[in-house]
Structure formats: structure tokens, C-alpha cells
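Residue numbers (our numbering): 78 to 157. Here the structure comes first, spelled out in C-alpha cells, and everything after it is commentary.
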């Protein structure tokens with residue numbers, strides 16, 4: 078019985094250009110600035126995504142409401 082291939086891990090750096098999704102063609106640094114919740118969503122939803130040190134933390138810090146809580150409403154109400 079053949080062994081299934083290991084999943085391909087995609088490592089995203091700040092200068093990585095998105096090749097899929099709503100931000101296709103934009104650099105991660107641009108997505109981080111314009112839509113940090115998307116990076117948080119990618120990390121929570123896509124299994125084989127790894128971000129360079131600091132990117133996810135920066136996105137989580139930027140994706141907070143006025144009270145400092147994560148903006149889960151974007152996930153609940155379908156922004157992504």
C-alpha cells in the first residue's frame with residue numbers, strides 16, 4: 078500500500094506574494110496592513126500555512142476591536 082505524500086507546507090514571509098484567495102497578487106506585508114484579519118483567518122483555517130516570525134502576532138495585534146478583543150465577528154458574519 079503506497080504511503081500518502083506529506084502535505085506541502087507553505088511558508089509566508091512579508092515579501093511573499095499571495096497566489097490564491099481574495100488578496101491574490103498582493104504581498105503579505107500589504108495584506109497585513111490592509112486586512113490583518115485575513116492572515117489570522119488563514120492561520121486558523123489552512124493547515125499547511127506557516128508565517129515568518131512576527132507576522133501572525135502583528136496580525137493578531139492589529140485585528141482587535143476598541144476593547145482589545147479579537148474581531149471574531151468577521152469570521153462569524155462571513156467577511157472571509
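Even glycine gets a Cβ: it sits at the ideal position worked out from N, Cα and C. Keep in mind it's a predicted model, so treat the numbers as computed, not measured.
- If you look at residue 87, you'll find it in the beta strand (DSSP E) that goes 87-89.
- The Cβ atoms of residue 140 and residue 108 lie no closer than 7 Å to each other.
- A check of alpha carbon separations from residue 138 across 112, 125, 104 identifies 112 as the nearest.
- Residue 99 carries a coil assignment under DSSP once its states are collapsed to helix, strand and coil.
- Residue 110 is bridged by DSSP to nothing; it lacks a bridge partner.
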